[in-house]
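This report refers to the structure that appears directly beneath it.
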Amino acid sequence: SMDRPCSCNLYLRCHKNYEPVCGSNGDTYQNECYRRQASCKQQRLISRVSDGPCSVGESAPPKTPPDAGFKGYTERLKLI
């Protein structure tokens, strides 16, 4: 479910613990809080695809308009 815009404030002060998660945009976030914060600030769904850093070589998909192709990308990741 998409984080509501008004919830951004809740995530502005993320703890600094290094508990990396891989986002569906191919970016590794320092922890779950930062992923939610990015998703909220960018007003786009960035789901957690795995715990730990994104795999090397599993870079972000080609630049597309926001949300275009996101579903296909996350579906493809599940097959790996």
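Each residue of the sequence shown is one higher than the last, beginning at 1 in the UniProt record's numbering. Think of the CB as a built atom: it goes at the ideal place given N, C-alpha and C, for glycine as much as any other residue.
The three-state reading of DSSP puts C54 in coil, since its state is none of H, G, I, E or B. For a cut-off of 8 Å, the C-beta gap from C14 to N25 is around 17 Å, too long to register as a contact. Secondary structure of R48 (DSSP, three-state): strand. When Y29, D51 and C22 are compared, the shortest CA-CA separation from K16 is found for Y29.
Bounds of the beta strand (DSSP E) holding C22 are V21 to G23.
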